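Residue numbers (mature numbering (1 follows the signal peptide of the UniProt record, and there is no 0)): -19 to -1, 1 to 284. This report refers to the structure that appears directly beneath it.
The structure is reproduced here in structure tokens:
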């Protein structure tokens, strides 16, 4: 690519980032360290972000939904008081919001209420997570609130990705001021998520086919070999490995590896599985090819 073309591509990329509105959610709660680190990383990358997440840790609640209710106990880490309203926000930053219900309800509030307020319309993309702990394979994906929120967004017409990471702890965002293992892991995973979002969104909309979401899982960053974002590689995978299914052809095969096996492989391999938001299952080769073509050289092959 010549210098003029490279410069033009950079200007287009910068324009896309600056014009992209993101709803950030999770199932671990609005005050957990990981989501606040992710919020900061997306803002630093130039995205416009509003956070809408559960008032409490709602891990393992899948696609459960309920009408938000007044708090009968404080929010997690005492970040709001008993008697607080069903939906609320940080006094110093109204873009940090809690919903006293499930992850699905939180992302719905972000899409339907907060996004029109702050963005003047629907968001362009939803980032769900990274979750504290991996969400790998059919059983885990089905019960994951992080995946449930991402799928809810896709069903409402908003492209989304669920991110999950090993080696994290359920600690308060106030721990981010400390130079400890949890902080370092959160910083690595938040930057990796930004890099993935950058790659997926770089060519402009449509970011994903309708009704489709993506499930991304990171291995632990606690080992010295996976301590930096540059140490990681992203691999296109399946949620459920299958020798009979014909997948998109990549890395010399039309059988994608299972995400569980990839994340467990020695090295720093993150899995990228394309899923149907309604069934939370793998998609056909044509739909996989859409994501493969979007991500291009950002994806790698298992060595």
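Beta carbons are placed, not taken as given, at the ideal position from N, Cα and C, and that holds for glycine. In this text, all values refer to a predicted model and were calculated from it rather than measured experimentally.
Going by C-alpha to C-alpha distance, which of the options sits closest to residue i?
i	options	result
residue 100	76, 123, 246	76
residue 92	152, 146, 31, 118	31
residue 246	255, 172, 214	214
residue 16	54, 136, 154, 87	154
residue 144	136, 130, 137, 138	130
residue 24	198, 5, 258	5
residue 81	208, 53, 216, 106	53
residue 35	174, 61, 272, 29	61
residue 219	46, 200, 253	253
residue 270	217, 281, 222	217
residue 33	172, 8, 223	8
residue 169	105, 277, 273, 211	211
residue -1	232, 184, 204, 39	184
residue 223	202, 182, 118, 200	118
residue 63	113, 207, 37	37
residue 90	165, 47, 234	47
residue 105	209, 186, 276	186
residue 278	208, 78, 234, 180	180
residue 205	165, 71, 235, 182	165
residue 209	172, 233, 39	172
Which two residues bound the contiguous beta strand (DSSP E) that contains residue i?
i	result
residue 143	141 to 146
residue 29	29 to 35
residue 20	From DSSP, residue 20 is part of no beta strand (DSSP E) but of the alpha helix (DSSP H) over 14 to 25.
residue 78	74 to 80
residue 68	68 to 71
residue 195	193 to 199
Tell me which residue opens and which closes the alpha helix (DSSP H) that residue i is part of.
i	result
residue 219	Neither: residue 219 is in no alpha helix (DSSP H) and is coded neither H nor E.
residue 173	162 to 182
residue 305	Shown here, the chain extends from -19 to 284; a query on residue 305 therefore has no answer.
residue 276	266 to 276
residue 106	It is not in any alpha helix (DSSP H) - residue 106 instead sits in the beta strand (DSSP E) that spans 106 to 113.
residue 250	Careful: residue 250 lies outside any alpha helix (DSSP H), inside the beta strand (DSSP E) at 250 to 257.
residue 152	Here residue 152 belongs to no alpha helix (DSSP H), and DSSP marks it neither H nor E.
residue 6	Looking at the DSSP string, residue 6 is not in any alpha helix (DSSP H); the run it does join, the beta strand (DSSP E), is 2 to 6.
residue 86	84 to 90
residue 99	96 to 100
residue 54	Element bounds for residue 54: n/a, residue is neither H nor E.
residue 42	Element bounds for residue 42: n/a, residue is neither H nor E.
residue 241	240 to 245
Could you pull out every residue in the same chain whose Cβ sits closer than 6 Å to the Cβ of residue i, ignoring the five residues on either side in sequence?
i	result
residue 42	83, 126
residue 289	Lying before the first or after the last residue shown, residue 289 is absent from the chain, which here runs from -19 to 284.
residue 195	142, 255
residue 280	215, 217
Suppose the cutoff is 7 Å on Cβ atoms and the five residues either side in sequence are ignored; what does the same chain contact list for residue i look like?
i	result
residue -5	Residue confidence for residue -5 is low, a pLDDT of 47 falling below 50, so the modelled location carries little weight; the figure read from the coordinates is stated next. The answer is none, since no qualifying residue turns up.
residue 258	132, 135, 136, 192, 193, 194
residue 44	85, 129, 132, 133
residue 103	92, 96, 139
residue 122	116, 128, 196, 220, 261
residue 175	22, 23, 26
residue 198	115, 116, 117, 145, 240, 244, 251, 252
Within its chain, find whatever has a CB closer than 8 Å to the CB of residue i; leave out the 5 residues flanking it on each side and keep chain order.
i	result
residue 163	14, 149, 150, 152, 156
residue 274	none
residue 108	3, 4, 5, 6, 19, 23, 141, 142, 144, 174, 178
residue 124	41, 42, 43
Let me confirm a value: residue i is counted as buried when at least 16 other C-beta atoms fall within 10 Å, else exposed. Which label applies?
i	result
residue 69	buried
residue 160	exposed
residue 249	buried
residue 10	buried
residue 283	exposed
residue -19	Low confidence applies here, because residue -19 scores a pLDDT of 41, under 50, leaving its location unreliable and the question unanswered by this model.
residue 267	exposed
residue 146	buried
residue 22	buried
residue 272	buried
residue 112	buried
residue 12	buried
residue 158	exposed
residue 335	The shown model of the chain, from -19 to 284, leaves out residue 335, and the question about it has no answer.
residue 40	buried
residue 73	exposed
Under 8 Å: does the beta carbon of residue i sit that close to some heavy atom of the ligand ZN?
i	result
residue 7	Judged by which ligands are present, the structure shown has none, so any question about the ligand ZN falls away.
(message) Within 8 Å, do at least three Cβ pairs link the segment 184 to 192 to the segment 226 to 244?
(response) no
(request) Would you check if the segment 212 to 230 and the segment 263 to 275 touch, i.e. whether three or more CB-CB distances between them fall below 8 Å? (result) yes
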